[in-house]
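**Student:** Residue numbers (my numbering): 1 to 266.
Structure below.
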């Protein structure tokens with residue numbers, strides 16, 4: 001950990017400043033600079049964020065414009081920066097870091113996080129009726145969310161088959177009928193038939209069993225271009241959401257498998 005140029009202290013924790021706007025924990029920054037000023041002065045500090053709006057002596061003006069204007073001179077009188085920042089030196093190379101870091105004491109409590117309170121196991125279970133994906137929550141028998149960070153980690157390792165298994169096969173696997181002529185995903189309708197027999201098809205390594213139906217495209221008024229495509233159900237849900245906003249999503253289907261060009265010469 002780096003150390004301070006003024007006091008030589010090493011911070012216990014360094015937080016990325018981008019974590020504060022989304023979490024809206026601005027009060028911790030006020031607490032930090034107030035605790036720093038109070039520790040060097042040896043007295044209690046009122047860090048109320050709305051203290052500047054309180055009338056003093058019955059007048060419509062305040063003594064300080066903000067809490068920083070009150071605490072800044074207190075820090076400057078003891079040799080610290082007016083805004084609570086300090087220059088730190090690298091703990092590895094001993095060189096000065098080319099930026100200032102806002103540093104100060106913050107009161108915190110230890111949180112009890114044990115594995116026995118957090119472990120979660122699920123094989124199959126309930127799914128969401130809208131997205132057809134597994135539900136979340138330990139109380140409802142849901143699974144652990146496979147988020148963007150987990151996806152990027154597997155993507156960096158090149159685990160494409162595992163990504164396909166987690167995000168498609170075991171999540172919201174769906175078989176849709178798409179018109180290859182117009183590319184529509186939502187215009188397929190069933191042609192009713194008296195004899196509908198069950199057929200077993202093998203798509204992308206997953207066996208799908210459903211009644212054999214003849215589909216036709218409402219837009220093209222023909223069933224010649226209808227193709228069966230395996231996709232995540234949430235993609236179909238996205239197409240329906242875009243259609244509600246008068247945005248059409250077209251698909252381009254192709255069965256061609258082109259080999260990558262080779263650099264070797266014959």
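Built from N, CA and C at the ideal position, the CB exists for glycine as well.
Assuming contact is defined by CB atoms lying nearer than 9 Å, are residue 105 and residue 39 in contact in what I supplied?
**Tutor:** In this structure, the beta-carbon distance from residue 105 to residue 39 falls below 9 Å.
**Student:** Report, in whole angstroms, the separation of the C-beta atoms of residue 229 and residue 176, which I expect to be a contact under 8 Å.
**Tutor:** 5 Å
**Student:** Looking at the unbroken alpha helix (DSSP H) that takes in residue 128, where does it start and where does it end?
**Tutor:** Element bounds for residue 128: n/a, residue is neither H nor E.
**Student:** If we call anything under 9 Å between Cβ atoms a contact, is residue 103 one with residue 123?
**Tutor:** no
**Student:** What is the rounded straight-line gap between the Cα of residue 128 and the Cα of residue 168?
**Tutor:** Rounded to whole angstroms, residue 128 to residue 168 spans 15 Å at the Cα level.
**Student:** Which of helix, strand or coil does DSSP assign to residue 116?
**Tutor:** helix
**Student:** Check the DSSP bridge columns for residue 232 and list the partner residues they point to.
**Tutor:** Under the DSSP definition of a beta bridge, residue 232 partners with 173.
**Student:** Just tell me which of 240, 3 and 243 has its CA closest to the CA of residue 94.
**Tutor:** 3
**Student:** Should residue 115 be labelled buried (16 or more other beta-carbon atoms within 10 Å of its own) or exposed?
**Tutor:** exposed
**Student:** Roughly how far, in whole angstroms, is the beta-carbon of residue 67 from the beta-carbon of residue 35, given that I think they are within contact range, below 8 Å?
**Tutor:** Not quite, the Cβ-Cβ distance comes to about 12 Å (not below 8 Å), so this is no contact.
**Student:** What residue range does the alpha helix (DSSP H) around residue 68 cover?
**Tutor:** 67-76
**Student:** Please classify residue 244: is it buried, with 16 or more other beta-carbons within 10 angstroms of its beta-carbon, or exposed?
**Tutor:** exposed
**Student:** For a test of the three-state rule: what should DSSP assign to residue 167, helix, strand or coil?
**Tutor:** helix
**Student:** Going by the CB atoms, is the gap between residue 181 and residue 217 shorter than 9 Å?
**Tutor:** A contact, by the Cβ cut-off of 9 Å.
**Student:** Are residue 226 and residue 215 closer than 9 Å when you measure CB to CB?
**Tutor:** Closer than 9 Å, so yes.
**Student:** How about residue 26 and residue 71: are their beta carbons less than 9 Å apart?
**Tutor:** no
**Student:** Please go through the same chain and pick out, in chain order, the residues whose beta-carbon is closer than 7 Å to the beta-carbon of residue 101, but skip the five residues on each side of it.
**Tutor:** 85, 86 and 88
**Student:** On the premise that residue 163 lies in contact with residue 239, defined as a C-beta separation below 8 Å, what is that separation, rounded to the nearest angstrom?
**Tutor:** 22 Å between Cβ atoms; not a contact.
**Student:** Identify whether residue 143 lies in helix, strand or coil by the three-state DSSP scheme.
**Tutor:** strand
**Student:** With DSSP as the reference, label residue 19 as helix, strand or coil.
**Tutor:** Residue 19: helix per DSSP, three-state reduction.
**Student:** On the CB-based measure, 16 or more other CB atoms within 10 Å of its CB, does residue 204 come out buried or exposed?
**Tutor:** At residue 204 the pLDDT is 49, less than 50, meaning the model places this residue with poor confidence and gives no usable figure here.
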